[in-house]
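Just so you know, the protein sequences line up as chains A, B, C and D, in that order. For what it's worth, the numbering used here labels the leading residue of the first sequence as 1, then goes sequentially. For what it's worth, the numbering used here labels the leading residue of the second sequence as 289, then goes sequentially. For what it's worth, the numbering used here labels the leading residue of the third sequence as 577, then goes sequentially. For what it's worth, the numbering used here labels the leading residue of the fourth sequence as 865, then goes sequentially. Using N, Cα and C, we set each Cβ at its ideal position, and we do this for glycine too.
Number of protein chains: 4
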Amino acid sequence: MTTSAVLLLSCPDRRGLVAAVADFVAGHGGNVLHADQHIDVVGDRPWFFQRVEFSLDGMDLPRAELEPTFRRDVADRLDMAATLRFSDERTPTAILASRQPHCLTDLLMRWYANELSADVRVVVSNHPDHAELCAALGIPYVHEPVDDGSGGKPVQEERVLATLAEHGVELVVMARYMQILSPSFIAAYPNRIINIHHSFLPAFVGANPYRQAHDRGVKLIGATAHYATDDLDEGPIIEQETARVNHRDDVARLTRAGRDLETIVLARAVRAHLEHRVLVHGRKTVVF
Amino acid sequence: MTTSAVLLLSCPDRRGLVAAVADFVAGHGGNVLHADQHIDVVGDRPWFFQRVEFSLDGMDLPRAELEPTFRRDVADRLDMAATLRFSDERTPTAILASRQPHCLTDLLMRWYANELSADVRVVVSNHPDHAELCAALGIPYVHEPVDDGSGGKPVQEERVLATLAEHGVELVVMARYMQILSPSFIAAYPNRIINIHHSFLPAFVGANPYRQAHDRGVKLIGATAHYATDDLDEGPIIEQETARVNHRDDVARLTRAGRDLETIVLARAVRAHLEHRVLVHGRKTVVF
Amino acid sequence: MTTSAVLLLSCPDRRGLVAAVADFVAGHGGNVLHADQHIDVVGDRPWFFQRVEFSLDGMDLPRAELEPTFRRDVADRLDMAATLRFSDERTPTAILASRQPHCLTDLLMRWYANELSADVRVVVSNHPDHAELCAALGIPYVHEPVDDGSGGKPVQEERVLATLAEHGVELVVMARYMQILSPSFIAAYPNRIINIHHSFLPAFVGANPYRQAHDRGVKLIGATAHYATDDLDEGPIIEQETARVNHRDDVARLTRAGRDLETIVLARAVRAHLEHRVLVHGRKTVVF
Amino acid sequence: MTTSAVLLLSCPDRRGLVAAVADFVAGHGGNVLHADQHIDVVGDRPWFFQRVEFSLDGMDLPRAELEPTFRRDVADRLDMAATLRFSDERTPTAILASRQPHCLTDLLMRWYANELSADVRVVVSNHPDHAELCAALGIPYVHEPVDDGSGGKPVQEERVLATLAEHGVELVVMARYMQILSPSFIAAYPNRIINIHHSFLPAFVGANPYRQAHDRGVKLIGATAHYATDDLDEGPIIEQETARVNHRDDVARLTRAGRDLETIVLARAVRAHLEHRVLVHGRKTVVF
Chain A
1 MTTSAVLLLS CPDRRGLVAA VADFVAGHGG NVLHADQHID VVGDRPWFFQ
51 RVEFSLDGMD LPRAELEPTF RRDVADRLDM AATLRFSDER TPTAILASRQ
101 PHCLTDLLMR WYANELSADV RVVVSNHPDH AELCAALGIP YVHEPVDDGS
151 GGKPVQEERV LATLAEHGVE LVVMARYMQI LSPSFIAAYP NRIINIHHSF
201 LPAFVGANPY RQAHDRGVKL IGATAHYATD DLDEGPIIEQ ETARVNHRDD
251 VARLTRAGRD LETIVLARAV RAHLEHRVLV HGRKTVVF
Chain B
289 MTTSAVLLLS CPDRRGLVAA VADFVAGHGG NVLHADQHID VVGDRPWFFQ
339 RVEFSLDGMD LPRAELEPTF RRDVADRLDM AATLRFSDER TPTAILASRQ
389 PHCLTDLLMR WYANELSADV RVVVSNHPDH AELCAALGIP YVHEPVDDGS
439 GGKPVQEERV LATLAEHGVE LVVMARYMQI LSPSFIAAYP NRIINIHHSF
489 LPAFVGANPY RQAHDRGVKL IGATAHYATD DLDEGPIIEQ ETARVNHRDD
539 VARLTRAGRD LETIVLARAV RAHLEHRVLV HGRKTVVF
Chain C
577 MTTSAVLLLS CPDRRGLVAA VADFVAGHGG NVLHADQHID VVGDRPWFFQ
627 RVEFSLDGMD LPRAELEPTF RRDVADRLDM AATLRFSDER TPTAILASRQ
677 PHCLTDLLMR WYANELSADV RVVVSNHPDH AELCAALGIP YVHEPVDDGS
727 GGKPVQEERV LATLAEHGVE LVVMARYMQI LSPSFIAAYP NRIINIHHSF
777 LPAFVGANPY RQAHDRGVKL IGATAHYATD DLDEGPIIEQ ETARVNHRDD
827 VARLTRAGRD LETIVLARAV RAHLEHRVLV HGRKTVVF
Chain D
865 MTTSAVLLLS CPDRRGLVAA VADFVAGHGG NVLHADQHID VVGDRPWFFQ
915 RVEFSLDGMD LPRAELEPTF RRDVADRLDM AATLRFSDER TPTAILASRQ
965 PHCLTDLLMR WYANELSADV RVVVSNHPDH AELCAALGIP YVHEPVDDGS
1015 GGKPVQEERV LATLAEHGVE LVVMARYMQI LSPSFIAAYP NRIINIHHSF
1065 LPAFVGANPY RQAHDRGVKL IGATAHYATD DLDEGPIIEQ ETARVNHRDD
1115 VARLTRAGRD LETIVLARAV RAHLEHRVLV HGRKTVVF
């Protein structure tokens, strides 16, 4: 597979945006492989989003000059927010986990199978449970308990942030990490912390969603992956899925059935982020 | 197809219930075709639910004596609530509709295709729109406007109730009927009024669920069929389904995509009710 | 909603195609609303497909000149096959049906609810069953029996073709029409006859797919909408869907469950065609 | 959770079977927790299937005497095939794998998370790739290459069979094991070898199903878990699932999307087998 580049763009809509981007690529000898665009007409003014993937073969610009040239010649002129990523890059990633293994192990095994363009640099957990598995896979496992008598949660968060910084992490995945992150933690990774909530949000926010679902007698359960924000369970949704349940499913069975949902929904969201397919707009996402 | 009978049973759980029912059927020469049971262990005491379908061929009891004999010999002795229905019976049914045709026409066409064991006796609407279609199908269409200067909604409800009574209706289907029924109306048909709500309840209760869904940026929309109760959108859920949407779907497209969901969810719930597969327990259902 | 235009394009891939189309629209004062493209790299040479929807507001070309101008200035120069359609046009459509009503009535009710941009001009059937329903809807119903002693199937097909021509039909939908069309019939409407097959093709080609599915013990049944070609069940697939079944489902229950699948799959395929979202390439489709 | 027992039964249908089993359980002081039954009316004579789960609390029989007593008092008298399993037993299981890790690692992680009532005793592979991972998990990994110059495939199969016997294996899971098993191998584990095929069978039997699917232009891909039999891809189907694809998915992307399908379908089938929910009847299964 040859290397390609992906541009993710957003700006106020105006005429000629598609043509301007297409001309840039064609003018430098590139060839558009995929292009997706969306115009959001909600709110004060329409907003333009685009993901353009193009082949680097035959282009007259070296890799390092592509993004600055695009900014100078196109993005700045059109008030575009633009980011560029190459298909052969791997995003430095940390996974936060607690006791429950399913989301953690699913991501680790996808990494093991080379399915994700992530460089999993560290697993951080408030429990020691999965240290041995990570060691076997050659991934550093940092145990950061919350109640260790040395300052409680704020101090623990400081240590976790230091660990992430030390490993150069750019994406944080909360794989059923059973701690609520503080606003200052979240501010350190804006739209770069992905959380999985075990319900079809906005149904059943907060604690024990499977118990809430059972009490309400729903016929489907769900899972939601979203970017973490200060408002718990209110962040921009990246991916959701549901699965059929019935009256036979008590809370234990709902929880078990939900694990497969949580796993697949989180994996899809992480993959979308890693493939540079997600743009955040207000409290919503565009997933190309 | 030979005629079969369906028993729907519920009672406090105790040992030997399955055997007692099976013995009754076998003892009178019947043969169990299907049997589903469920024990709900939530709450103060476990509760037993069963649906038993059995062939009438070779039974030593005439149809009319089946239910009284079962009550006397089994149900009364075991504190069972029991209802019996024959597979060749059609439930007298009314459909309440407003302007939007999709749920109404879907049910009418299933009736036309002989898919439902319902005897659709009357369509009642607060709008005149679909009178001609119903006339062509030979189904009485009663137009009962709400604001007709002759007493408003309470009076309109009285007239609707009179119409239902006149037609001997036993099941009422709200096919996107855009009026909230009063508690006294609902009390006239307990667990026999099926409503369709155009969201995955309990998400997006109340008005404009597609707008709410769009504002929240969900990746799935849903529909919920439930028995109408005094608490709006809180009745026992019979059936739910979701469908995938994305950032391209504005409110108009969500609404359009939702029509197919509403239609299929309502049809499945109505069919389950007509096939005597639904038991209500508290605010939840058992759907066998 | 303002009127928009949709261009459907295909041609051998080369650099600059996206830019050429975007420049045409922008150069005439139009604004691209949606653009989807695809490059198929299978076979001897890569092939380019695009669907571009753009607003007519502010364009400097009258409607009638849009397509010829695009051909002259863009399509001919780049060897593009191009078709253009306006969002306010309704495609003249015929429905072919037999006894089973579900696909026919579903399409009729979508037309009745104004969901389809189709002008349903005539229903043709080899059975008289649904004449009354169509009459009530104001749609001509032409009964063309096959075995009427006046020439058999070839003659019947001639009469059907004459009926379609008389009504200016551009799209033919086989709504469980239980006759195999001859090659000459199909040649009259290339890629404009949509058929529904009641299996997940290529599984269970030919007769009685639900019986075949039951014999094989599959856990899902399917339905497939495709353009009719000379090779039965081999035409380009437009849409497919599956639904879960289990050991309790005998052939009669599979058939019943399958009706909902057939209905929804055919409706989606017809809608995709009517919205100018389908391009045929060899024996496959691109559905934007 | 208290221990329960599961009876899996099949026999020619006759009146009174449900009552006989229910009476046995009730008569010995047990309580039926779940009971599912099915009557297959296809073929020469109707056939009865049942799965009964009952609580051991309060029963007047010790565990070891349950099955022989049931055989003597019920099964033998009624020509029933009967097997009994206790909910706290773990089935000795082997996984056969090749290079592709996804199905293997998914099963291993479910075992690691304690989701499966399997005792994974050994992983056998014709490749050395995953030895290290299994070692880290404490599971023996036996590398049995096919082409090792010492007799080829028959000899390799002998060695694999010896390994399975040595570990007391009762269930064999082919987790994308890329070798066709010989009839004599299969005969050693009748209806106890589960294979995953990467298509929606019977579509795309044989090699390269994703390429076949791409060539045909299907809109869904599938996966099928079945018991291995002498007829390749023809064994009784336990579970199937499909996922939506489109024209953008080349063979590589179909293959990638298919991995998640294969993984989940195989896991569901293995879980159904381990929970004693599968009965084989001819070339079909009843999955309760």
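query = With a cut-off of 8 Å, do at least 3 Cβ pairs link the region 1033 to 1043 of chain D to the region 1114 to 1122 of chain D?
reply = Contact between the region 1033 to 1043 of chain D and the region 1114 to 1122 of chain D is absent, because fewer than three Cβ pairs lie under 8 Å.
ask   = Can you tell me the Cα-Cα spacing of Pro101 of chain A and Ile769 of chain C, whole angstroms?
value = Distance between Pro101 of chain A and Ile769 of chain C, taken at the CA atoms: about 52 Å.
query = Can you tell which of D:His898, D:Gly1015, D:Val1109 and D:Thr969 has the C-alpha that lies nearest to the C-alpha of Leu872 of chain D?
reply = Ranking D:His898, D:Gly1015, D:Val1109 and D:Thr969 by Cα distance to Leu872 of chain D puts D:His898 first.
ask   = In chain B, what lies closer than 8 Å to Gly43 of chain A by C-beta?
value = Within chain B, no residue comes near Gly43 of chain A; the closest Cβ sits about 11 Å away, beyond 8 Å.
Closer than 8 Å at the beta carbon, the chain D residues around Pro101 of chain A = Listed by position along chain D, the residues whose Cβ is nearer than 8 Å to that of Pro101 of chain A are Met973, Tyr976 and Ala977.
key: Rounded straight-line distance, which links the Cα of Ile762 of chain C to that of Ala801 of chain C   = About 16 Å.
request  = Please report how far the alpha carbon of Asp44 of chain A lies from the alpha carbon of Gly1086 of chain D, in whole angstroms.
outcome  = Distance from the CA atom of Asp44 of chain A to the CA atom of Gly1086 of chain D, rounded to whole angstroms, is 44 Å.
query = Going by other Cβ atoms of all chains shown within 10 Å of its Cβ, with 16 needed for buried, is Ile756 of chain C buried or exposed?
reply = Counting the other CB atoms within 10 Å of its CB gives Ile756 of chain C a total below 16, which places it among the exposed residues.
Expected contact under 8 Å - CB spacing of Leu740 of chain C and His706 of chain C to nearest Å = About 18 Å separates the beta carbon of Leu740 of chain C from that of His706 of chain C, a gap too long to meet the 8 Å contact definition.
request  = Compare the C-beta of Leu321 of chain B against all C-beta atoms of chain C and say whether one is closer than 8 Å.
outcome  = No, its Cβ sits nowhere closer than 8 Å to a Cβ of chain C.
message = Between B:Ile484, B:Asp518, B:Gly440 and B:Ser487, which has its C-alpha nearest Ala476 of chain B's C-alpha?
response = Nearest Cα to Ala476 of chain B within the set B:Ile484, B:Asp518, B:Gly440 and B:Ser487: B:Asp518.
query = So what does DSSP say about Gly1016 of chain D, is it helix, strand or coil?
reply = In the structure shown, Gly1016 of chain D sits in a helix (DSSP, three-state: H, G or I).
inquiry  = Within 8 Å of any Cβ in chain B, is that where the Cβ of Gly217 of chain A sits?
reply    = Yes, its Cβ sits closer than 8 Å to a Cβ of chain B.
ask   = Just checking my contact of Ala363 of chain B with Val412 of chain B at CB under 8 Å: how many whole Å lie between their CB atoms?
value = Actually they do not touch by this definition, with Cβ atoms about 35 Å apart.
inquiry  = Within 10 Å of its beta-carbon, does Glu420 of chain B have 16 or more other beta-carbons around it, so buried, or fewer, so exposed?
reply    = Of the residues assessed, Glu420 of chain B falls on the exposed side of the cut-off, its CB having fewer than 16 other CB atoms within 10 angstroms.
request  = Count the other CB atoms, across all protein chains shown, that sit within 10 Å of the CB of Leu960 of chain D; report buried if there are 16 or more and exposed otherwise.
outcome  = Label assigned to Leu960 of chain D: buried.
query = To the nearest angstrom, how far is it from the Cα of Gly505 of chain B to the Cα of Arg283 of chain A?
reply = Cα-Cα distance, rounded: 8 Å.
request  = Report all residues from its chain with a CB closer than 7 Å to the CB of Ala1077 of chain D; omit the five preceding and five following residues, and keep chain order.
outcome  = For Ala1077 of chain D, where only same-chain residues beyond five positions count, the Cβ hits under 7 Å are Ser1063, Phe1068, Ile1085 and Leu1118.
task = Flag Val448 of chain B as yes if its beta-carbon sits less than 8 Å from any beta-carbon of chain A, otherwise no.
result = So, not an interface residue.
ask   = By Cβ distance below 6 Å, which residues in the same chain neighbour Arg908 of chain C in space, the five residues on each side in sequence not counted?
value = Chain C is shown only over 577 to 864; residue 908 of chain C falls outside these bounds and no answer can be derived.
key: DSSP state of Ile474 of chain B mapped onto helix, strand, coil   = In the structure shown, Ile474 of chain B sits in a helix (DSSP, three-state: H, G or I).
task = Answer with buried or exposed for Arg244 of chain A, where buried requires no fewer than 16 other C-beta atoms within 10 angstroms of its C-beta.
result = Exposure of Arg244 of chain A is indicated by the presence of fewer than 16 other C-beta atoms within 10 angstroms of its C-beta.
message = Can you give me the C-alpha to C-alpha distance between Ala1071 of chain D and Trp111 of chain A, rounded to a whole angstrom?
response = Rounded to the nearest whole angstrom, the C-alpha separation of Ala1071 of chain D and Trp111 of chain A is 27 Å.
key: Reduced DSSP secondary structure (H/G/I, E/B, other) of Pro1223 of chain D   = Summary: the structure shown does not reach residue 1223 of chain D, with chain D confined to residues 865 through 1152, and so no result is reported for it.
inquiry  = Can you pull the chain A neighbours of Leu997 of chain D, defined as C-beta to C-beta under 8 Å?
reply    = Among the residues of chain A, those whose CB is under 8 Å from the CB of Leu997 of chain D are Tyr112, Ala136 and Leu137, following chain order.
query = Residues of chain C with a CB under 8 Å from the CB of Thr1127 of chain D: which are they?
reply = Under the 8 Å cutoff, chain C gives no residues; its nearest Cβ is about 17 Å from Thr1127 of chain D.
inquiry  = Check this for me: beta carbons of Phe342 of chain B and Val320 of chain B, under 8 Å apart or not?
reply    = Yes, they are a contact pair.
query = Can you tell me whether Asp40 of chain A is buried or exposed, with buried defined as 16 or more other CB within 10 angstroms of its CB?
reply = By the 10 Å Cβ count, Asp40 of chain A comes out buried.
ask   = Enumerated in chain order, which unbroken segments of the beta strand (DSSP E) with a length of 3 residues or greater are wholly contained in the region 972 to 1049 of chain D?
value = Whole beta strand (DSSP E) segments, 3+ residues: 982 to 989, 1005 to 1007 and 1035 to 1039.
ask   = How far does the alpha helix (DSSP H) with Gln500 of chain B in it reach, from first residue to last?
value = Unbroken alpha helix (DSSP H) run through Gln500 of chain B: Pro497 to Arg504.
key: Cβ of Leu1118 of chain D within 8 Å of any chain C Cβ   = Residue contact check for Leu1118 of chain D against chain C: no CB pair falls below 8 Å.
request  = Name the one or two DSSP bridge partners that Phe48 of chain A has.
outcome  = Residue pairing from DSSP places Phe48 of chain A in a beta bridge opposite A:Cys11 and A:Ile39.
ask   = Where Asn534 of chain B and Gly606 of chain C are concerned, what is the direct C-alpha to C-alpha distance, given to the nearest angstrom?
value = If you draw a straight line from the Cα of Asn534 of chain B to the Cα of Gly606 of chain C, it is about 25 Å long.
request  = Note down, in chain order, each residue of its chain lying with its Cβ closer than 6 Å to the Cβ of Arg661 of chain C, except the 5 sequence neighbours on either side.
outcome  = Correct list, in chain order: Val582 and His852.
inquiry  = When you compare the CB positions of Arg90 of chain A and Asp119 of chain A, do they come within less than 8 Å of one another, or not?
reply    = In this structure, Arg90 of chain A sits near Asp119 of chain A, with a CB-CB distance shorter than 8 Å.
request  = Give a yes or no on contact between the region 836 to 843 of chain C and the region 876 to 888 of chain D, applying the rule of three or more CB pairs nearer than 8 Å.
outcome  = With a cut-off of 8 Å, the region 876 to 888 of chain D and the region 836 to 843 of chain C do not count as touching, because too few Cβ pairs lie within range.
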